[in-house]
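Just below is one structure, and these are the notes that go with it.
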Amino acid sequence: MNLYPCEKSYPDVAYLKTMYPQSVTALYERIADASDRLEYEGSFMFDEYPDHELVLKFIQDIIAEFPQPSPSPDCPSTYFHELVAVMVINEFIHRRIRKREF
């Protein structure tokens with residue numbers, strides 16, 4: 027997993043990321059890589075109020091790269107979409123904070 031300047035200052039963040047379940051590690055890495063490409067001045071990721079449609083498209087692009095898990099009674103079909111959405115938004119939050127602090 028990538029280490030960012032704030033993770034070097036707060037090693038517990040990097041350590042906690044190693045606890046991600048193995049099944050979502052590839053997903054997290056793909057989200058991080060795609061977010062890397064959005065990390066430029068003027069990116070919608072850093073807008074005061076990021077465009078909802080652009081965020082949804084970013085999420086859909088990530089989802090399209092992964093096989094969809096089959097729904098089960100314990101895991102509704104929207105679970106994967108919701109997991110990706112939460113992980114993407116968390117990554118955006120992390121990068122916005124990092125941009126302000128470092």
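Whatever position you read off the sequence shown (first residue = 1), add 26 for the working numbering. Note that the Cβ used here is the ideal one computed from N, Cα and C, for glycine as well.
1. Taking its Cβ as the centre, do 16 or more other Cβ atoms sit within 10 Å of S49, making it buried, or is it exposed?
2. Can you say whether R126 is buried or exposed, counting buried as having 16 or more other CB atoms within 10 angstroms of its CB?
3. Is it buried or exposed for V112, if we count other Cβ within 10 angstroms and need 16 for buried?
4. Once DSSP output is grouped into helix, strand and coil, what is the label at S61?
5. Taking Cβ to Cβ, would you say L92 is nearer than 9 Å to R122?
6. Let me know the secondary structure DSSP gives P47 once reduced to three states.
7. Looking at the unbroken alpha helix (DSSP H) that takes in F70, where does it start and where does it end?
8. If you reduce the DSSP assignment to three classes, tell me which class D13 lands in.
According to the structure shown:
1. exposed
2. exposed
3. exposed
4. helix
5. The question names Leu, yet the displayed sequence has Phe at residue 92. No, these two residues do not count as a Cβ contact at 9 Å.
6. coil
7. Careful: F70 lies outside any alpha helix (DSSP H) and carries neither H nor E.
8. Nothing in the structure corresponds to residue 13, since the chain is present only between 27 and 128.
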